[in-house]
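Each residue of the sequence shown is one higher than the last, beginning at 901 in my numbering. We put the beta carbon where it would ideally sit given N, CA and C, even for glycine. Everything numeric in this text was worked out from a predicted model, so none of it was measured.
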Amino acid sequence: MDPISQGVVGAVISGASQPQKHTKIALLSGAFAGMSADIDVLISSSADPLLFLEYHRQFTHSLAFIPFGAAICTVLIAMFTSPRISRTRLYLCCLLGFASHGLLDACTTYGTQLFWPFSSERVAWNIISIVDPLFTLPLCALTWIAYRQKNPRWLHAALIWIAIYLSFGIMQHHRANNIGEQLAFDRQHHPVRLESKPGFANLLVWKTVYEWQGYFYVDAVRAGLSEKVYPGSKAAKVNVQRHFPSLRSNQQQTIDIERFRRFSNDYLAWQPAHADRIIDVRYSMLPNEINPLWHIRVDRENPDQHVEFITNRQGNTKTLQRLWSLITGKAVAN
901 MDPISQGVVG AVISGASQPQ KHTKIALLSG AFAGMSADID VLISSSADPL LFLEYHRQFT
961 HSLAFIPFGA AICTVLIAMF TSPRISRTRL YLCCLLGFAS HGLLDACTTY GTQLFWPFSS
1021 ERVAWNIISI VDPLFTLPLC ALTWIAYRQK NPRWLHAALI WIAIYLSFGI MQHHRANNIG
1081 EQLAFDRQHH PVRLESKPGF ANLLVWKTVY EWQGYFYVDA VRAGLSEKVY PGSKAAKVNV
1141 QRHFPSLRSN QQQTIDIERF RRFSNDYLAW QPAHADRIID VRYSMLPNEI NPLWHIRVDR
1201 ENPDQHVEFI TNRQGNTKTL QRLWSLITGK AVAN
């Protein structure tokens, strides 16, 4: 999730584990440790645009790295501050804060290599958006009160809020899957696979993506008191031999396509209007559209060079208005 969410969840879990006299240092150390795993964003290469995709949410987010990450955080805090707490307690605070990071990220849709180095599988439970103010802001308020009053009871309330919200996400994910399966059935489709992901910053509107006969079908579903479907569109699943016949298996562009395929869990789509573009069909600002947040551009004239990685995360006012219409259950204007 976003750094604020990671920090506040780390603070809550760490602070709730300590007696009242250690509340402040537990909150601060937990917040620091809770954000530290994202240091992997610094791993990048100007020569290889896909390198950061392979390392983000990899070893620093794995369960195996938690004791080492916590130890590094403990040493850094002890070096630059003089906490009135035993090193054992400080390490425990950092351990809980650091452990929360990968697990919280696994609750989102992006995918986290929790079991590295034993497995490169990206775990994504798809029960909360990467950014969700309804989850984060109450936690920030409760944590601030606990810090000011040095009272961990507010942190216990925050833990309850975390449990309630994530449980609601599990329930909504199940509902969205059911709606998506029924939608495919109504179309007389038999999906090879189907995924549901929460829309941006909410748990009401979900994006469903399923694969059937060489195409990905994208729709939005609203799982409120009543259920509503916002039909989307479809895009062809990438077939390198058909869509990029000039590429050879040993050329860098083909190798990069396969790297992007692993990152995207094989949800790669191709559109005739953008013949040099391969998109990750799972992500878009509007859940019923195929307008990717990121994609790669293939250069057929230079097959031995790396592909270009392009992001498109700027949501304009019209897009946000349409998203709000989806959330509130209104008709969506084109």
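Asked: Tell me the DSSP bridge mates of residue 1012?; Found: 1023
Asked: Please name the residue or residues paired with residue 1184 in a DSSP beta bridge.; Found: 1192
Asked: Under a Cβ-count criterion, where at least 16 other Cβ atoms within 10 Å of its own Cβ denotes burial, should residue 1237 be classed as buried or exposed?; Found: Because the chain is modelled from 901 through 1234, residue 1237 falls outside the range shown and cannot be assessed.
Asked: Would a C-beta distance cut-off of 8 Å place residue 1014 and residue 1083 closer than the cut-off?; Found: no
Asked: Going by alpha carbons, who is nearest to residue 928 out of 973, 959, 951, 942?; Found: 973
Asked: Work out the CA separation of residue 1068 and residue 1121 for me, nearest whole Å.; Found: 16 Å
Asked: Going by beta carbon distance, what residues of the same chain come within less than 7 Å of residue 1208, once the five residues before and after it are set aside?; Found: 949, 1196, 1197
Asked: May I have a chain-ordered list of the alpha helix (DSSP H) segments no shorter than 4 residues that lie completely inside the segment 921 to 970?; Found: 923 to 936, 951 to 955
Asked: Check whether the Cβ atoms of residue 1106 and residue 1076 lie closer than 8 Å to each other.; Found: yes
Asked: When the Cα atoms are used, what is the spatial distance from residue 1027 to residue 1144?; Found: 35 Å
Asked: Taking the C-alpha atoms as reference points, what is the distance between residue 943 and residue 1216?; Found: 30 Å
Asked: DSSP puts residue 1274 in a beta bridge; with which residues?; Found: The structure shown does not extend to residue 1274, since the chain is modelled only from 901 through 1234, so no value can be given for it.
Asked: Contact between the segment 1172 to 1179 and the segment 1093 to 1108 is defined here as three or more beta-carbon pairs at a separation below 8 Å; is this criterion met?; Found: no
Asked: Given residue 1072, which residues of its chain have a CB within under 8 Å of its CB, disregarding the five upstream and five downstream residues?; Found: 1027, 1098, 1103, 1104, 1106, 1123
Asked: Would you report the Cα separation of residue 1200 and residue 1140, rounded to the nearest angstrom?; Found: 12 Å
Asked: Expressed to the nearest angstrom, what Euclidean distance is found between the alpha-carbon atoms of residue 1064 and residue 912?; Found: 15 Å
Asked: Looking at C-beta atoms only, is the number of pairs between the segment 1125 to 1132 and the segment 986 to 995 that lie closer than 8 Å three or more?; Found: no
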